[in-house]
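If you read the sequence shown in our numbering, its first letter stands for residue 7, the second for the next number, and so on. To keep things clear, I will list the structure first and then write my remarks on it.
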Amino acid sequence: MKSGNYQRPLNTTETLNFKEIPQWLMECAHTLLSHGFQAYLVGGAVRDLSLGLTPQDWDLTTDALPETVETLFSESYPSGKNFGTITVVHQGHHVEITTMRQDIGYSDGRRPDHILFTHDILTDLSRRDFTINAMAYDFRSQLLIDPYNGRKDLYHRRLQTVGEPKERFKEDGLRMFRFFRFLATMDLRPDPKALKAIHPDFAQWLSAERIRDELSRLLVGTNVRSALDLMEQSGLLTQVIPELKVRQFNQSSLYPSLWHHLLETTAAIQPRLELRWAALLHDVAKPLTFQHDETGVHHYHHDRLGAELSQKILSRLRYSKAFIQSVSHLIQWHMFQLPSNATDAAIRRLIYSVGPQVIPDLLELRRADIVATGRITRQTWHIWNELSERITLLAAEAQSPHTQKLAVNGQDLIEQFQLKPGPLIGKLLAYLTDIVIENPESNEKTQLLHFVNDYLQKNQGLNLPSSHNPQDSAGYHQSD
Ligand code: ATP
Ligand code: MG
């Protein structure tokens, strides 16, 4: 624990930045001060304001005990009272107010065994994870308290722990994930000593949800490539996702390894979480499906198996069902094949099979996948762009209200042709859907009834098409 005076006035830029502290938060701090307590802004908000960024959330610390904090504010809830945190709601805004504390013992590798409340801000700052997160702004003196030179580290873009990294990571394994998350989101260079101190074993007691939350933030970071690569090298990533142990798997001479291809795809895709996960996992099944015969190297069905593996991985990390479904759906379809001269009908079949609303993401995944091969020629790029534009246009068309729904329903067919409800109606509707995919203009009631009429006459006593399968290239022509 440090002692001494680490206070200094804000410099001119900081003064301007700290003016961004909102009025409602000032009022909370003044409530504490006016009752004789200390009040500091701490954590990410101080770090972000120092950088001129807008903080995502606000944390205050004080020497008032949690019970006292509850009595000082009219609306609050005990969000983490065991560790001294009360969330106060003031004018509709939420702020976490944590009593200054010292953490004692970390036998579970995540949470302190005991805490001791303290009146000393330096003691409180010493328990915090990184130097850039261990600064405090004193509302009373308007001075910055910076015992670990966090501001200097921000200036030099250095991420290092408060104290011995190995001890700090061992105490609480989540700090290792926060370390890589800050590297990914904040354009920082890792302290080599901290990097060396990362140990996968320290992660074994963490909950899947906490790991998921950190990974979710890391993946959408601008420096995802280097952060993930370092995380993989440290063994931490593959401790959580062993399926990603693919650095040794050389897909072809094009990339150093499958790992690099996954990394490059992830970095190349837009920073949306679903897309980033789909990119990171899209070829995860390649090692399992690897085959080598006289015709070359194959990974048959790696898309389907990859979709299954991604479901397992993301369920383990407790992502929502809907989220898992969209990521695995993208992976399942990432190998879609269309020749550059594909007909509109062929493109529409793909669109209907994948779902028109998924097409933009699927195209984005394919674009990133192509970029990450590192072998694009001007011509390949041109062909891809043209095809992708056509798919986009036809997908937009497929989503228009005009084409989304068949212009007839089962009841229309029953009434018009005196049919009985039953499987025949379903088959006729599937038949019409195929027609509309081929020719969206025909989605008009009179025309469709006309088709059914013709069809019923021609096929009396014959089998109708057995199912609607948009991928089936036979389509309705052959049954005609
Ligand atoms: P952000 O809000 O952008 O995620 P943050 O640094 O504010 O970043 P919080 O989770 O809000 O992160 O935590 C607030 C502060 O609490 C941190 O800045 C740090 O000082 C401290 N802190 C959070 N988690 C830990 C931890 N696992 N170990 C030590 N200190 C931590
Ligand atoms: Mg925060």
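Each residue gets a CB set at the ideal place from its N, CA and C atoms; glycine is no exception. Keep in mind it's a predicted model, so treat the numbers as computed, not measured.
Query                                                                                                                   : Result
Arg216 CB to nearest heavy atom of the ligand ATP below 6 Å                                                             : no
Check: Arg107 C-beta below 6 Å from any heavy atom of the ligand ATP                                                    : no
8 Å contact criterion, which Arg216 and Leu180 should meet: CB distance rounded                                         : 6 Å
Residues of its chain near Glu270, where Cβ-Cβ distance is below 6 Å and the 5 sequence neighbours each way are ignored : Ala378
The region 98 to 115 / the region 25 to 45 touching (three or more Cβ pairs under 8 Å)                                  : yes
Cβ of Met192 within 7 Å of any chain D Cβ                                                                               : The chain inventory of the structure shown lacks chain D, comprising one protein chain alone.
CA-to-CA distance, Phe79 to Phe186, given in whole angstroms                                                            : 37 Å
Residue range of the beta strand (DSSP E) that includes Gln108                                                          : 107 to 110
Backbone secondary structure at Tyr46 - three-state DSSP                                                                : strand
Whole-angstrom distance between Thr129 and Met106, CA atom to CA atom                                                   : 8 Å
Sequence-distant residues of its chain with Cβ nearer than 6 Å to Ile431 (five each side left out)                      : Gly416, Leu419
Heavy atom of the ligand ATP within 6 Å of Gly156 beta-carbon                                                           : no
Where Ser334 falls, given that 16 or more other Cβ within 10 Å makes a residue buried                                   : buried
Buried versus exposed, by CB contacts within 10 Å (16 or more), Gln484                                                  : Low local confidence applies: a pLDDT of 24 at Gln484 is under 50, so the model's placement there is unreliable, with the coordinate-based value given in what follows. With fewer than 16 other Cβ atoms within 10 Å, it is exposed.
As assigned by DSSP and simplified to three states, the class of Arg381                                                 : coil
Rounded distance between the beta-carbons of Thr67 and Phe43, thought under 8 Å                                         : Not confirmed; about 10 Å, so no contact.
Beta-carbon proximity check, Gln13 vs Ile151, cutoff 7 Å                                                                : yes
DSSP three-state assignment for Asp69, whether helix, strand or coil                                                    : coil
Closer than 6 Å: Leu315 CB and nearest the ligand ATP heavy atom                                                        : no
In DSSP terms, what Gly302 is bridged to                                                                                : Asp299
Selection from Asn139, Leu149, Val75 that minimises the alpha carbon distance to Gly156                                 : Asn139
Buried versus exposed, by CB contacts within 10 Å (16 or more), Trp283                                                  : buried
The ligand SAH heavy atom lying under 6 Å from the CB of Arg134                                                         : Only the ligand ATP and the ligand MG can be found as ligands here, which leaves the ligand SAH out of the picture.
Range covered by the beta strand (DSSP E) that runs through Phe123                                                      : 120 to 123
Test item: CB-CB of Leu400 and Ile441 under 7 Å                                                                         : no
Buried versus exposed call for Ala214 [16 or more other C-beta atoms within 10 Å across all chains shown]               : exposed
Beta carbon of Leu194 nearer than 7 Å to that of Leu221                                                                 : no
Rounded separation between Asn475 and Ala274 - CA only                                                                  : The predicted model places Asn475 with a pLDDT of 39, which falls under 50 and marks its position as unreliable; any figure quoted below should be read in that light. C-alpha separation (whole angstroms): 33 Å.
Through-space distance from Glu447 to Ser321, alpha-carbon basis                                                        : 42 Å
As assigned by DSSP and simplified to three states, the class of Asp159                                                 : helix
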